[in-house]
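The block underneath contains the structure these notes are about, expressed in structure tokens.
2 protein chains.
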Amino acid sequence: MVYRKNYNFSDYLVSLDSIIILENIDGECPMVKGNKYGTHRVIEPEGTLPQPAFKISNDMTIYDNEILIDVDYLNIDSASFTQLKEEARGDLEKIKKKIMSIVQERGKMQNPVTGSGGMLIGKVEKIGSALKDKIDLNVGDEIATLVSLSLTPLKIENIMDINPDIDRVEIDGKAILFESGIYAKLPEDMEDTLALAALDVAGAPAQVKNLVKKGDYVLILGATGKSGLMCSYMAKKMVGENGKVIGQARNEARAEFLKETGFCHEVIIADVLNPTNVLVEVLDVNDGDEVDIAINCLSIPNSELSSILPVKDKGIVYFFSMATSFTKAALGAEGIGKDVTMIIGNGYTKNHAQITLDLLRESDTLRKIFDEKYVN
Amino acid sequence: MVYRKNYNFSDYLVSLDSIIILENIDGECPMVKGNKYGTHRVIEPEGTLPQPAFKISNDMTIYDNEILIDVDYLNIDSASFTQLKEEARGDLEKIKKKIMSIVQERGKMQNPVTGSGGMLIGKVEKIGSALKDKIDLNVGDEIATLVSLSLTPLKIENIMDINPDIDRVEIDGKAILFESGIYAKLPEDMEDTLALAALDVAGAPAQVKNLVKKGDYVLILGATGKSGLMCSYMAKKMVGENGKVIGQARNEARAEFLKETGFCHEVIIADVLNPTNVLVEVLDVNDGDEVDIAINCLSIPNSELSSILPVKDKGIVYFFSMATSFTKAALGAEGIGKDVTMIIGNGYTKNHAQITLDLLRESDTLRKIFDEKYVN
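Sequence order for the protein chains is G and S.
Residues in the first sequence are numbered from 482 upward in steps of one, following the numbering used here.
Residues in the second sequence are numbered from 482 upward in steps of one, following the numbering used here.
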């Protein structure tokens, strides 16, 4: 089955049956049209997308809607790297071997235990002909991929070095970005490590920008963490003069730190595992009223009701925490008869990288905190 | 600490310290002001709400914002009843004993294995003085509670009968509804069993009513199930003449059944565990376009990407399925770079019972299907 490229449907070619062979371009090997989401590289199981797939093809001949990247560093995600370190009992050579064997087996750096990946930094080496005029990238640009390594075709020739303090692996290798793959050009006005620390939570402040309106009363749970700080800062910008941002901290020291940033109008100390405690503290600094929006930036489980309870009917609860339980949220809201809209935090929204990096440029306080806490 | 009732804050009294003793009313025992969400009845662990609590008080002396119900039937939820039956190897006497011991231990009928509860039907016996003028209930009204038994104080004197075919337990006992507890008066124009079957999924069609706009293109996954049928019917009403409702069925027979209902403009047969298959089938009946909203009414896991993939950027994915994984949804959308809003299905929204029962009154087809499939 062959679809024409001028038909909208062609964006969605879904099996190897449906590949269109194009003419030889640039004297390179003939490029072929791949699926926007990379399903053409899934080896097993069939019908899945590259992330849930067990094995994908890491053949470095690109399809005409793919980008080839000359990789400098892998930033293994924290859960994955911790697991690798433990398994290897801290032996870096063993970690190297394990990474090599995972990538050889799966065609991607997806930790088989945690299921997670990470990001990579590299230089654009080649851009598929079907993408050249559609994107703002040039060969040679330095980029960070913002889709997970758990779905990115990767081939490693050699691992040069591992820096276990910042989960960073220096490699000689190549990777492929699909047409739907998202990326950010690394900015020239800040260090790569700083940019990466921010890009890691890029979805959060960008979603807050979409969500929070002038005059809103907003509660940020976990306001002293990496995404919590970014969300607090952004929320305060969005609510304007008549709104209010309430930041939650778990103890005196963190509350003091949060107050000094000036990112929140009010700072509360509350135990997020005790929903009524959170509610009482919120009401106490908000004239007895519930908030319009609660944003959960915590990283611990069982904080669903603490996010739902302080929100007024018809309000919004935004869960960024990956420790959120779907059923606890759904049954929790029903159990207390709360008519709130609960949103699953999406790590991607349009322009999220730009929006997030701009916050570091805009706020010296934020940049200083990130430099001190998150950059090695 | 005592708060005055005319202060907004008083709705949220959160510990037994904060009880206000009111005057003797109606010659009954003195009633006391309880917390809106029933936290005053939590025995352990402290600070939790009644649902996550292990044990709550089932003392049948009501607080002044509670309702006392003379219970006729418990409708144990399906997951819980299946577990009880298995544990008792089908012996109804053993099931009776187990139910008695659970309620005695926890003060509520919350299955310790599944964590779930169910609903109850009964007559209003007493209404707390603080609620009398605020609600549309009278003593003697027959109601179904729409909050879970897993948070409802319950005392059973005697279990008269168990009907294992419809998970129904006839009891002599009493229960308490908190101020935030939701309920529906049982309608006189339909059988209790029919009303219950509909109320069981009341949140779904009511949320669709809020969500779907004129002209929307809507995909219903699991359109042939109980909530799927209700959602399809409601979605078709909402999209009007220029919109489109696409219903997914898993095989020919179910697709044929769905077509005959006339609830969908288009019916597709697709495997929800194969996201690309779902996408292709949707595009095929939709001129190659993605939909505005996908509504997941399935009851099986791993259908997150099948819900996300067919939706256009800035579109909405609504997950009613309790089998939804938060992380699979969040990472799935990020992995394919989809800027969609993903909503956690909330079993409660304003007037959801009325909205749902009205659908049965409005559509003879829907009522006939429910009578045949879901009423014993």
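Even glycine gets a Cβ: it sits at the ideal position worked out from N, Cα and C.
(message) Am I right that L530(S) and Y518(S) are in contact with their C-beta atoms under 8 angstroms? What's the rounded C-beta distance?
(response) As a first step, residue 530(S) must be located in the second sequence, where it is residue number 49. As a first step, residue 518(S) must be located in the second sequence, where it is residue number 37. A Cβ-Cβ distance of about 6 angstroms is found for the pair L530(S) and Y518(S), placing them in contact under the 8 angstroms criterion.
(message) Just checking C778(G) against the ligand NAD - is the residue's beta carbon closer than 8 angstroms to any of the ligand's heavy atoms?
(response) With respect to small molecules bound, the structure shown includes none, and the ligand NAD cannot be examined in it.
(request) Would you tell me roughly how many angstroms separate the C-alpha atoms of D677(S) and A625(S), rounded to the nearest one? (result) Position 196 of the second sequence holds residue 677(S). Position 144 of the second sequence holds residue 625(S). A small correction: the amino acid at residue 677(S) is Leu; Asp does not occupy that position in the sequence shown. Looking at the two C-alpha atoms, the distance is approximately 8 angstroms.
(message) Does chain S have any CB closer than 9 angstroms to the CB of I506(G)?
(response) Here residue 506(G) refers to the residue found at position 25 of the first sequence. For I506(G), the pLDDT reaches just 44, beneath the cut-off of 50, and the residue's location in the model is therefore unreliable, leaving the point undetermined.
(message) Along the chain, where does the alpha helix (DSSP H) containing Y714(S) start, and where does it finish?
(response) Within the second sequence, residue 714(S) is the residue found at index 233, counting from 1. Start and end: 707-720.
(request) Report all residues from its chain with a CB closer than 6 angstroms to the CB of E843(G); omit the five preceding and five following residues, and keep chain order. (result) Counted from its first residue, the first sequence places residue 843(G) at position 362. Counting only Cβ-Cβ distances below 6 angstroms, and skipping sequence neighbours, we find nothing.
(message) Considering just the uninterrupted stretch of the alpha helix (DSSP H) at Y855(G), what are its terminal residues?
(response) Indexing the first sequence from 1 puts residue 855(G) at position 374. Y855(G) -> alpha helix (DSSP H) spans 845-855.
(request) State the DSSP-derived secondary structure class of E623(G), mapped to helix, strand or coil. (result) Within the first sequence, the letter at position 142 stands for residue 623(G). E623(G) carries a strand assignment under DSSP once its states are collapsed to helix, strand and coil.
(message) Within the continuous alpha helix (DSSP H) that includes M823(G), where are the two ends?
(response) Looking up residue 823(G) in the first sequence gives position 342. Per DSSP, M823(G) belongs to no alpha helix (DSSP H); it is in the beta strand (DSSP E), 822-825.
(request) Give a yes or no on whether the minimum CB-CB distance between A810(S) and chain G is below 9 angstroms. (result) The count along the second sequence starts at 1 and reaches residue 810(S) at position 329. Closer than 9 angstroms to some Cβ of chain G, the Cβ of A810(S) qualifies, so yes.
(request) Counting only the same chain and skipping the five closest in sequence on each side, list residues whose C-beta sits under 6 angstroms from that of L494(G). (result) As a working mapping, residue 494(G) is identified with position 13 in the first sequence. With a pLDDT of 36 at L494(G), under the threshold of 50, the modelled position of that residue is not reliable, and the figure given next carries that caveat. Close CB contacts of L494(G) within its chain, under the 6 angstroms cut and outside five residues either way in sequence, are with N516 (chain order).
(request) Determine the closest residue to Q478(S) out of I550(S), T633(S), E568(S), with distance taken between C-alpha atoms. (result) No answer is possible for residue 478(S): it lies beyond the span of chain S, which begins at 482 and ends at 857.
(request) Please name the residue in V772(G), M641(G), L838(G), L667(G) whose C-alpha comes closest to that of S708(G). (result) Here residue 708(G) is taken as the residue at index 227 of the first sequence, counted from 1. Measuring C-alpha to C-alpha distances from S708(G) to each of V772(G), M641(G), L838(G), L667(G) identifies L838(G) as the nearest.
(request) Could you tell me whether any Cβ in chain G is nearer than 9 angstroms to the Cβ of Y698(S)? (result) Residue 698(S) sits at position 217 when you count from the first residue of the second sequence. Not one beta carbon of chain G lies nearer than 9 angstroms to the beta carbon of Y698(S).
(request) For D773(G), decide whether its Cβ has a neighbour in chain S, counting only Cβ atoms nearer than 9 angstroms. (result) The sequence position of residue 773(G) within the first sequence is 292, counting from 1. Closer than 9 angstroms: no.
(message) Using a 10 Å radius around the Cβ and a threshold of 16 neighbouring Cβ atoms, would you call R522(S) buried or exposed?
(response) As a position in the second sequence, residue 522(S) is number 41, starting the count at 1. Buried.
(request) Kindly confirm or deny that the stretch 655-668 of chain G and the stretch 688-704 of chain G touch, where touching means at least three C-beta pairs closer than 8 angstroms. (result) The stretch 655-668 of chain G is not in contact with the stretch 688-704 of chain G.
(request) Enumerate in chain order the residues of its own chain whose CB-to-CB distance from S559(S) is below 8 angstroms, with the five nearest sequence positions on each side excluded. (result) Here residue 559(S) refers to the residue found at position 78 when the second sequence is read from its first residue. For S559(S), where only same-chain residues beyond five positions count, the Cβ hits under 8 angstroms are D648.
(request) Indicate whether the contact test is met: 3 or more Cβ pairs, each with one atom in the stretch 767-784 of chain S and one in the stretch 795-809 of chain S, closer than 8 angstroms. (result) With the cut-off at 8 angstroms, the stretch 767-784 of chain S and the stretch 795-809 of chain S touch.
(message) Residues in the same chain with beta-carbon distance under 6 angstroms from E525(G), minus the five sequence neighbours each way, listed in chain order, please.
(response) Counting from 1 along the first sequence, the entry for residue 525(G) is found at position 44. Shown here for E525(G): same chain residues with a beta carbon closer than 6 angstroms to its own, the five before and five after excluded, namely F535, K536 in chain order.
(request) Measure how close the beta-carbons of E606(G) and I550(G) come, nearest whole angstrom, since I'm counting them as under 8 angstroms. (result) By 1-based counting over the first sequence, the position of residue 606(G) is 125. By 1-based counting over the first sequence, the position of residue 550(G) is 69. Contact holds; Cβ gap of about 6 angstroms.
(request) Verify whether the separation of the beta carbon atoms of N758(G) and G609(S) is less than 9 angstroms. (result) Locating residue 758(G) in the first sequence gives position 277, counting from the first residue. Locating residue 609(S) in the second sequence gives position 128, counting from the first residue. In this structure, G609(S) does not lie closer than 9 angstroms to N758(G) by Cβ.
(message) Taking 9 angstroms as the threshold (beta carbon to beta carbon), is S631(G) in contact with chain S?
(response) Position 150 of the first sequence, counted from the start, is the residue given in the question as residue 631(G). Interface annotation, S631(G): in contact with chain S, CB-CB separation under 9 angstroms.
(request) Ignoring anything shorter than 3 residues or poking outside the stretch 720-750 of chain S, list the beta strand (DSSP E) runs there in chain order. (result) With a minimum length of 3 residues, the continuous beta strand (DSSP E) runs that stay inside the stretch 720-750 of chain S are 725-730, 747-750.
(message) Does the stretch 729-745 of chain S come into contact with the stretch 803-818 of chain S, if we say contact requires no fewer than three beta-carbon pairs (one atom in each stretch) closer than 8 angstroms?
(response) Contact check between the stretch 729-745 of chain S and the stretch 803-818 of chain S: fewer than three CB pairs, one atom from each, fall below 8 angstroms, which does not count as touching.
(request) For K819(S), return the contacting residues in chain G, with the cut-off set at a CB-CB distance below 9 angstroms. (result) In the second sequence, residue 819(S) corresponds to position 338, counting from 1. Chain-order list of chain G residues neighbouring K819(S): S661, N827, Y829, by C-beta distance under 9 angstroms.
(request) Could you tell me whether the stretch 665-673 of chain G touches the stretch 764-771 of chain G, where touching means 3 or more Cβ pairs closer than 8 angstroms? (result) No: fewer than three Cβ pairs fall under 8 angstroms.
(request) Under 9 angstroms between beta-carbons, which chain S residues line up against I824(G)? List them in chain order, please. (result) By one-based count along the first sequence, residue 824(G) stands at place 343. Residues of chain S with a Cβ closer than 9 angstroms to the Cβ of I824(G) are, in chain order, T822, M823, I824, I825.
(request) Please classify I663(G): does DSSP put it in a helix, a strand, or coil? (result) Residue numbering aside, residue 663(G) sits at position 182 when the first sequence is read from its first letter. Note: I663(G) maps to coil in three-state DSSP.
(message) Please tell me whether F807(G) has its Cβ less than 9 angstroms away from any Cβ of chain S.
(response) Reading the first sequence from its first residue, position 326 is the one you call residue 807(G). Yes, because at least one Cβ of chain S sits closer than 9 angstroms to the Cβ of F807(G).
(request) Would you mind stating whether D617(S) and K604(S) have Cβ atoms separated by less than 9 angstroms? (result) Your numbering for residue 617(S) matches position 136 in the second sequence. Your numbering for residue 604(S) matches position 123 in the second sequence. The answer is no: Cβ separation not under 9 angstroms.
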